[in-house]
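**Q** The structure's right below; bear with me while I get my questions together.
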Amino acid sequence: MTFRLVQVLNNNVGLACKEDDSQVVIMGKGLTFQKKKGDIIKASAVQKVFKLHEESPSDLTSLLATIPFDFLTVSYSLIDEAQEKYDYSVEPYIYASLTTHLYESAKRLADGRLVETYLPDLEKDYPLPYEIAGYVLDGFATRLNIKFPKQEQKSVALHFLNARTDIHTQNQAQRRKVDKNKQILAIVENELNNHQIYRNRDNANDYERLLVHLKYFINRINQKPAPQVLSAAIFQEVVKDYPRTFAIVQKINDQIKQKMGLEFTNDEQVYLTIHIQRLIRKEETNDKHNEK
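The opening residue of the sequence shown carries number 1 in full-length UniProt numbering; numbering runs sequentially from there.
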């Protein structure tokens with residue numbers, strides 16, 4: 001079997017056509033070094049082949065510019081393996097979002113900067129995504145000797161929970177869910193913009209975490225109400241510590257309630273406040289830096 005090179009993404013990765021003309025991404029150490037469009041590459045030289053999910057070549061190139069080849073390969077491979085091992089289908093966006101999240105976590109780990117997660121324990125209510133997360137983290141420990149802290153399992157589980165898809169279900173309920181998704185995201189984005197909080201290169205990772213959490217909220221809309229996880233004391237502490245941010249959350253909550261008949265729980269308000277506070281802190285840090 002051979003591949004015909006369509007586009008070189010970097011020295012190790014390229015976009016190629018299989019013999020049936022379907023497009024795939026091929027990876028291997030030095031695989032595309034000094035290669036050009038139209039060159040034929042033997043399958044024996046390729047370490048990894050995967051479909052070009054929802055990323056465009058430019059999106060993948062952007063990932064490769066910031067994430068090492070080995071890390072990207074391991075992450076994509078583990079996501080593929082997890083889907084097959086656990087019969088658990090996920091939306092294609094998880095490849096980029098989870099890989100970016102884990103790489104940022106790995107950098108913080110290497111620098112000794114552990115960030116406490118405020119996510120509730122997912123093991124009891126969502127045992128399968130939690131087990132899958134353990135499999136992924138074990139894979140990083142075995143293959144790259146990156147030993148993530150135990151709390152990271154909750155974050156990875158949330159990614160898999162949010163990204164789950166049923167390939168047999170494309171019905172009206174799903175379409176309504178997509179519409180709700182877009183409407184809620186638009187409300188949140190508009191309110192953030194009203195407070196001069198915009199997505200940019202500096203806050204992209206924190207913004208992505210916010211979007212992931214919102215998708216988690218949307219996924220719960222048609223499920224039974226989730227039990228309250230956080231205590232009233234934590235809720236009051238967040239209200240007291242971040243009054244400006246909590247006020248933004250209240251405006252978002254009011255709009256969602258008015259326009260959609262939905263409402264954030266106290267837990268959701270806490271989590272949303274924390275995510276938006278990260279964005280505000282990033283903006284304040286950048287402003288101070290620019291003043292110097």
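Glycine included, every Cβ here is placed at the ideal spot set by N, Cα and C.
Using only CA atoms, which one of L98, K48, R113, L161 lies nearest to P149?
**A** Comparing Cα positions, the closest option is R113.
**Q** Which residues does DSSP pair with L5 in a beta bridge?
**A** Answer is A16, bridged to L5.
**Q** Per DSSP, which residues does Q23 bridge with? Please list them.
**A** The partner list for Q23 (beta bridge, DSSP) reads C17.
**Q** Quick check on the burial criterion: 16 or more other C-beta atoms within 10 angstroms. Buried or exposed for H168?
**A** At H168 the pLDDT is 42, less than 50, meaning the model places this residue with poor confidence and gives no usable figure here.
**Q** Have a look at K51, Q153, Q47 and flag the residue whose alpha-carbon is nearest the alpha-carbon of K18.
**A** The shortest C-alpha separation from K18 is found at K51.
**Q** Here's the rule I'm using: 16 or more other beta-carbon atoms within 10 Å means buried, otherwise exposed. How should A141 be labelled?
**A** The residue is exposed, with fewer than 16 neighbouring Cβ atoms inside 10 Å.
**Q** On the three-state DSSP scale, how would you describe K51?
**A** Strand, per DSSP.
**Q** In its own chain, which residues sit with a C-beta less than 7 Å from the C-beta of Y103, not counting the 5 before and 5 after it?
**A** Cβ neighbours of Y103 beyond the five flanking positions: I67, F71.
**Q** Any contact between the segment 228–241 and the segment 182–196? By contact I mean 3 or more CB pairs, one from each, below 8 Å.
**A** With the cut-off at 8 Å, the segment 228–241 and the segment 182–196 do not touch.
**Q** Of the residues G261, K147, H275, which one's Cα is nearest the Cα of N205?
**A** Comparing Cα positions, the closest option is H275.
**Q** Assuming L63 and T99 form a contact by the criterion Cβ under 8 Å, report the distance between their Cβ atoms to the nearest whole angstrom.
**A** Going by Cβ atoms, the distance from L63 to T99 rounds to 7 Å, so yes, they are a contact pair.
**Q** If you draw a straight line from the alpha carbon of I280 to that of Q269, how long is it in whole angstroms?
**A** Their backbone Cα atoms lie some 16 Å apart in a straight line.
**Q** Of all the options P120, K85, N145, which has the alpha carbon lying nearest to the alpha carbon of A110?
**A** That would be N145, whose Cα lies nearest to the Cα of A110.
**Q** Kindly list the residues whose CB is nearer than 6 Å to the CB of L272, restricted to its own chain and excluding five residues on each side of it in sequence; keep chain order.
**A** Once the five neighbours on either side are set aside, the close Cβ partners of L272 are V249.
**Q** Just the C-alpha distance for Q7 and V74, rounded to the nearest angstrom, thanks.
**A** Computed Cα separation, rounded: 22 Å.
**Q** For E191 versus K251, is the C-beta spacing smaller than 9 Å?
**A** Yes.
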